[in-house]
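Remarks on the structure that follows.
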Amino acid sequence: MKEYGRDRKWPFAEGGGVTILLATAGWGTAVFLARKLIHPLTQLLAWLATAVWLLILYFFRDPQRDIASQP
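76 is the number that the working numbering gives the last residue of the sequence shown; the numbers go up by one with no jumps.
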């Protein structure tokens, strides 16, 4: 059980792929709008989207850890 998660290429949990993809698309849209529409509300939207995106990436991370065989 020491090889948990080492067979995957990216450091995120198995079930989080779709959520990470959708969050990245939403973040990219918010940043694109903030760059094209120079307005304080779009800048605020981009900052909020960045915070949510980083929170989602942190939530779905899958750090390397050792799982004990005996409880």
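C-beta: ideal position from N, C-alpha, C; glycine also.
Please state the DSSP three-state secondary structure of Phe17. DSSP, read as helix, strand or coil, puts Phe17 in strand.
Out of Gly20, Lys14, Glu19, Gly33, point me to the one whose CA is closest to Val57's CA. Selection Gly20, Lys14, Glu19, Gly33 evaluated against Val57 yields Gly33 as nearest (Cα-Cα).
List the residues that DSSP assigns as beta-bridge partners of Arg66. For Arg66, the pairing in a beta bridge is given by DSSP as Phe17.
Does DSSP put Ile43 in a helix, a strand or coil? Of the three classes helix, strand and coil, the one that applies to Ile43 here is coil, per DSSP.
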